[in-house]
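There are 2 protein chains.
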Amino acid sequence: MIKTEIHEYRHGDTVCEGYWAYDEAQKGKRPGILVAHEWNGLQDYVKARCKMLAEMGYVAFAADIFGKGIRAKSFPECEQISAPYYKDRQLTRGRAQAALEILQNRPGVDKAKIAAIGYCFGGIVVLELARSGAPVAGVVSFHGQLSTPNVNDAKNIKGKVLVLHGAIDPVVPPAEVAAFEKEMGDAKVDWQLHSYGGAVHTFTNWNLPTTGMPAAYNEKADKRSWQSMQNFFAELFGG
Amino acid sequence: MIKTEIHEYRHGDTVCEGYWAYDEAQKGKRPGILVAHEWNGLQDYVKARCKMLAEMGYVAFAADIFGKGIRAKSFPECEQISAPYYKDRQLTRGRAQAALEILQNRPGVDKAKIAAIGYCFGGIVVLELARSGAPVAGVVSFHGQLSTPNVNDAKNIKGKVLVLHGAIDPVVPPAEVAAFEKEMGDAKVDWQLHSYGGAVHTFTNWNLPTTGMPAAYNEKADKRSWQSMQNFFAELFGG
Chain A
1 MIKTEIHEYR HGDTVCEGYW AYDEAQKGKR PGILVAHEWN GLQDYVKARC
51 KMLAEMGYVA FAADIFGKGI RAKSFPECEQ ISAPYYKDRQ LTRGRAQAAL
101 EILQNRPGVD KAKIAAIGYC FGGIVVLELA RSGAPVAGVV SFHGQLSTPN
151 VNDAKNIKGK VLVLHGAIDP VVPPAEVAAF EKEMGDAKVD WQLHSYGGAV
201 HTFTNWNLPT TGMPAAYNEK ADKRSWQSMQ NFFAELFGG
Chain B
240 MIKTEIHEYR HGDTVCEGYW AYDEAQKGKR PGILVAHEWN GLQDYVKARC
290 KMLAEMGYVA FAADIFGKGI RAKSFPECEQ ISAPYYKDRQ LTRGRAQAAL
340 EILQNRPGVD KAKIAAIGYC FGGIVVLELA RSGAPVAGVV SFHGQLSTPN
390 VNDAKNIKGK VLVLHGAIDP VVPPAEVAAF EKEMGDAKVD WQLHSYGGAV
440 HTFTNWNLPT TGMPAAYNEK ADKRSWQSMQ NFFAELFGG
């Protein structure tokens with residue numbers, strides 16, 4: 001039986017409202033998965049992903065990067081509420097770290113078995129969290145931007161990195177992919193990138209239409225990337 | 240119980256010596272996997288891969304592209320025996336097709352469920368087979384070259400394509416990857432490319448040392464790519 005809970009916590013003076021999903025029938029300590037939302041804030045889509053993770057036996061916690069009540073309903077609102085976090089990566093890292101601590105300190109979560117996944121903007125969040133040197137076993141970016149002002153911080157990365165990428169994502173162009181591969185390679189990070197032909201931005205989000213640029217749902221790429229994430233978790237945490 | 244057999248067949252006037260591996264306990268028709276060897280010819284490495292596929296319940300057949308007894312023991316011999324097939328892709332397609340027909344016509348193989356996998360030079364073989372319009376449900380290239388003189392033939396591809404690539408493979412440089420992605424994209428092929436950080440050429444072949452350029456064994460990339468192949472087969476053939 002999957003249970004979900006709203007969880008209020010703080011980062012400095014900012015009140016955040018995260019979201020738990022877990023299987024209450026699970027006994028003992030379980031791996032914990034931090035989930036980082038898209039640029040519209042913590043909404044139903046990432047909550048549904050948390051429930052899917054809980055059904056797989058993980059304790060999932062959706063971070064609230066923007067703070068309680070900061071949720072966008074339109075494209076301009078998305079731009080407005082996310083802009084400070086694209087720009088100030090230290091702020092983003094701090095918000096992610098605050099959520100990570102909530103997850104780490106939950107009884108029933110195995111602190112040594114924590115991964116973070118993020119969608120679009122959330123891909124930035126989990127990669128910056130890794131670059132900050134946070135103790136995560138692995139991070140997964142779904143159609144996330146890959147560039148960073150902190151290229152030298154890749155040496156801090158402790159865990160493994162999996163990037164799940166739409167091959168014709170105009171938001172994450174080839175030059176950005178190439179720079180990321182160089183960044184990861186130079187720092188000798190354990191990384192992989194799976195690129196899906198025909199997939200554009202936000203290819204995992206079933207709320208989008210199935211055609212169009214720059215963002216569209218792609219069912220094949222969604223299923224394949226979810227499978228790749230499961231394989232990655234199996235490698236990190238055991239079968 | 241896995242059984243193996245040498246199988247002599249012809250392509251035109253050329254005698255070829257292929258290799259079967261299958262589980263004799265399997266009942267009914269099973270998916271068939273064509274296996275294309277590296278530039279040294281059909282040797283123990285691809286035979287071992289055939290046995291691994293048989294253990295997974297597939298009927299595996301290693302094609303003999305170069306012909307009976309044409310097996311290289313040294314780097315110059317590899318170059319010598321493979322050169323005609325790098326150059327004359329129609330010849331390579333013909334050899335691959337001859338082997339495919341052997342696999343298709345075996346009782347116990349489900350003709351509608353055939354895939355082809357290839358290693359290094361064998362990656363070229365399976366991609367050219369696909370470009371020829373052969374009825375394969377999917378092809379998998381492990382650290383194979385991706386360029387072709389026949390870019391317009393991608394429109395003939397009937398199945399899905401999975402490329403498993405070493406991110407720093409000097410034999411398959413970024414420009415070749417980019418051209419391949421364009422080729423596949425222009426022809427609207429269902430394709431994926433999984434790139435493994437730190438992996439060079441021939442990363443799956445356990446006979447190589449684990450460090451060095453241009454080719455070295457990389458256990459992580461080997462296991463991850465084998466897993467990706469299994470996921471691909473599950474998608475093609477069912478669980």
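Here the protein sequences come in this chain order: A and B. Each residue of the first sequence is one higher than the last, beginning at 1 in this note's numbering. Each residue of the second sequence is one higher than the last, beginning at 240 in this note's numbering. The C-beta atom is built at its ideal place from N, Cα and C for all residues, glycine as well.
Who are residue i's beta bridge partners in DSSP?
| i | result |
| --- | --- |
| Gly271/B | Val298/B and Ile353/B |
| Trp430/B | Val400/B |
| Tyr358/B | Phe381/B |
| Tyr435/B | Gln192/A and Gly405/B |
| His201/A | Ala215/A |
| His250/B | Thr253/B |
Tell me whether residue i is buried or exposed, calling it buried when 16 or more other Cβ atoms sit within 10 Å of its Cβ.
| i | result |
| --- | --- |
| Gln230/A | exposed |
| Phe66/A | buried |
| Asn391/B | exposed |
| Lys113/A | buried |
| Phe142/A | buried |
| Ala54/A | buried |
| Val15/A | exposed |
| Ala260/B | buried |
| Glu318/B | exposed |
| Lys286/B | buried |
| Gly212/A | exposed |
| Asp64/A | buried |
| Gly238/A | exposed |
| Ala205/B | Since the first and last residues shown for chain B are 240 and 478, residue 205/B lies out of range. |
Using DSSP with H/G/I as helix, E/B as strand and the rest coil, what is residue i?
| i | result |
| --- | --- |
| Ile6/A | strand |
| Val400/B | strand |
| Phe66/A | coil |
| Tyr258/B | strand |
| Ala293/B | helix |
| Gly424/B | helix |
| Ala454/B | strand |
| Ser380/B | strand |
| Thr92/A | helix |
| Val109/A | strand |
| Leu129/A | helix |
| Leu281/B | coil |
| Lys462/B | helix |
| Gln265/B | coil |
| Ala311/B | coil |
| Met240/B | coil |
| Ala393/B | helix |
| Ser147/A | coil |
| Leu208/A | coil |
| Ala134/A | coil |
| Val507/B | Not covered by the structure: residue 507/B. The range shown for chain B is 240 to 478. |
Hey, residue i and residue j: beta-carbon distance below 8 angstroms or not?
| i | j | result |
| --- | --- | --- |
| Tyr9/A | Cys50/A | no |
| Tyr297/B | Gly267/B | no |
| Glu176/A | Leu146/A | yes |
| Arg30/A | Gly138/A | no |
| Val189/B | Phe471/B | As displayed, chain B neither begins before 240 nor continues past 478, which places residue 189/B out of reach and without an answer. |
| Ala301/B | Gly280/B | no |
| Tyr435/B | Ala454/B | no |
| Asp23/A | Met52/A | no |
| His246/B | Gly333/B | no |
| Ala234/A | Asn218/A | no |
| Ala187/A | Ile157/A | yes |
| Glu5/A | Lys68/A | no |
| Ala154/A | Val136/A | no |
| Ser313/B | Trp278/B | no |
| Glu128/A | Ala96/A | yes |
Would you check whether the ligand ADP has a heavy atom nearer than 7 angstroms to the C-beta of residue i?
| i | result |
| --- | --- |
| Arg224/A | In the structure on display, the ligand ADP does not appear, and there are no ligands present to speak of. |
Please confirm if the stretch 397-408 of chain B is in contact with the stretch 202-212 of chain A, defined as three or more CB-CB distances below 8 angstroms between the two stretches.
These segments do not touch.
Using 8 angstroms as the threshold, is the stretch 156-167 of chain A in touch with the stretch 191-199 of chain A, meaning 3 or more CB pairs across them?
Contact check between the stretch 156-167 of chain A and the stretch 191-199 of chain A: three or more CB pairs, one atom from each, fall below 8 angstroms, which counts as touching.
Inter-stretch contact (C-beta, 8 angstroms, three-pair minimum) for the stretch 81-100 of chain A and the stretch 117-137 of chain A:
Touching, yes, given that three or more Cβ pairs across the two stretches are closer than 8 angstroms.
Report yes or no: do three or more beta-carbon pairs, one from the stretch 32-49 of chain A and one from the stretch 119-128 of chain A, lie closer than 8 angstroms?
As far as the Cβ criterion goes, the stretch 32-49 of chain A touches the stretch 119-128 of chain A, which means the pair count is three or higher.
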